[in-house]
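Here's the structure we're looking at; comments come further down.
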Amino acid sequence: MTSAGTAPVPQWPRVGVGIVIMRDTPGGPAVLLAKRGRAPRLGEWSLPGGRQEAGETVFETARREAAEETGTTIRPIEIITVIDSITRDAGGQLAFHYTLIEVLAAWEGGAAVAGDDADAVAWVPVSDAADWLDWDKAVTVVRRATAVWQEAGRSRDDIP
385 MTSAGTAPVP QWPRVGVGIV IMRDTPGGPA VLLAKRGRAP RLGEWSLPGG RQEAGETVFE
445 TARREAAEET GTTIRPIEII TVIDSITRDA GGQLAFHYTL IEVLAAWEGG AAVAGDDADA
505 VAWVPVSDAA DWLDWDKAVT VVRRATAVWQ EAGRSRDDIP
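Heads up, the sequence shown is in this note's numbering, so the first residue is 385 and it goes up one at a time.
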């Protein structure tokens with residue numbers, strides 16, 4: 385259902401993959417954030433990610449989206465959580481509905497550069513991530529990912 389000049393109302397959720405790309409720095413772990421260049425959440429700092437394509441695994445989507453959006457290569461580690469992202473327009477009409485699978489990944493290489501639908505990217509200390517992220521669910525995801533990342537007795541090489 386559409387009206388003139390508007391996007392169709394989603395009839396079902398789309399699957400998206402969010403990526404918590406982390407690396408260790410001398411000051412502690414850092415997370416790679418992207419400033420969104422498209423709706424939903426246009427102009428907000430967020431986790432990189434995007435829609436899963438047919439025939440793609442969740443980890444394949446994470447690798448592709450990291451390369452397209454941030455120019456980096458990653459090693460997916462594990463699924464952190466699954467969350468719903470439901471956005472309504474000013475009139476209360478459903479505008480976007482994504483089921484987001486959030487993946488923790490280790491940065492393997494590549495200079496972080498904005499690409500695809502990101503306007504900017506930045507490595508941020510995880511201790512500062514909440515100051516950058518506008519969506520409370522993204523903050524929760526980063527906190528959960530950080531706990532896994534910092535789990536005692538595990539080095540980055542020990543994680544499959």
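The beta-carbon is built from N, C-alpha and C at its ideal position, and this holds for glycine as well.
Burial is judged here by how many other beta carbons sit within 10 angstroms of a residue's own beta carbon; Ile485 has at least 16 and is buried. Exclusion of the five residues before and after Ala498 leaves Ala504 and Val505 as the residues of its chain whose Cβ lies within less than 6 Å of its Cβ. DSSP, reduced to helix, strand and coil, places Val523 within a helical segment of the structure shown. Note that the region 397 to 412 touches the region 445 to 456; at least 3 beta-carbon pairs, one per stretch, sit closer than 8 Å. Cα atoms of Trp491 and Asp515: separation of roughly 22 Å, rounded to the nearest angstrom. For Arg407, the enclosing beta strand (DSSP E) begins and ends at Arg398 to Thr409.
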